[in-house]
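A.B. asks: Convert by adding 136 to the 1-based position in the sequence shown; the result is the number in the numbering used here.
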Amino acid sequence: MGKSQRAKGQAGEREIVTILTERGHHARRTAPLQTYLGAAGGYADVTGLAGIHLEVKRQERLQMDEWSRQAEAECGQNVPVVVYRRSREPWRVSMLLDDFLTIYEEGLR
Numbered sequence: 137m138g139k140s141q142r143a144k145g146q147a148g149e150r151e152i153v154t155i156l157t158e159r160g161h162h163a164r165r166t167a168p169l170q171t172y173l174g175a176a177g178g179y180a181d182v183t184g185l186a187g188i189h190l191e192v193k194r195q196e197r198l199q200m201d202e203w204s205r206q207a208e209a210e211c212g213q214n215v216p217v218v219v220y221r222r223s224r225e226p227w228r229v230s231m232l233l234d235d236f237l238t239i240y241e242e243g244l245r
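#1: Does the structure place the region 187-201 close enough to the region 221-241 that three or more beta carbon pairs sit under 8 Å?
#2: Measuring CB to CB, does R164 end up less than 8 Å from G184?
#3: Which residue wins for smallest C-alpha separation from T238, given the options G187, E210 and G160?
#4: When the Cα of S140 is compared with those of V217, R194, Y179 and W203, which residue comes out closest?
#5: Output yes or no for whether 8 Å exceeds the beta carbon distance between V217 and L244.
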């Protein structure tokens, strides 16, 4: 991955931290942990939503299958969620339907 792509990814993670923080969540990037322990550490890109493993992707070419598999492989007991966007587009979320329905149905109780 090139320097500009890394910078774009880091900027995307900071955007998500800002959005979550503005909504009252204690969010932070885990980049220092990933750098220290390596990608195999299984850390989400951003933490702050209990029980949710967030992978943040800020890329023009969507690779949903790859990103989803990464989140699913690293999530442990948490719900794997991919948060992504292209330039000049809104942030979107991708997750397993079963996980979405569980979260939705829990919110109705």
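By construction, the Cβ of each residue, glycine as well, lies at the ideal position given by its N, Cα and C atoms. On a predicted model such as this, the values are computed, not experimentally measured, just so you know.
C.D. replies: Well, looking at it:
#1: yes
#2: By one-based count along the sequence shown, residue 164 stands at place 28. By one-based count along the sequence shown, residue 184 stands at place 48. The answer is yes: Cβ separation under 8 Å.
#3: For the purposes of this step, residue 238 is identified with residue 102 of the sequence shown, where counting begins at 1. Answer by Cα proximity: G187.
#4: In the sequence shown, residue 140 corresponds to position 4, counting from 1. Out of V217, R194, Y179 and W203, R194 has the C-alpha closest to the C-alpha of S140.
#5: Position 81 of the sequence shown holds residue 217. Position 108 of the sequence shown holds residue 244. For V217 and L244, no; Cβs fall outside 8 Å.
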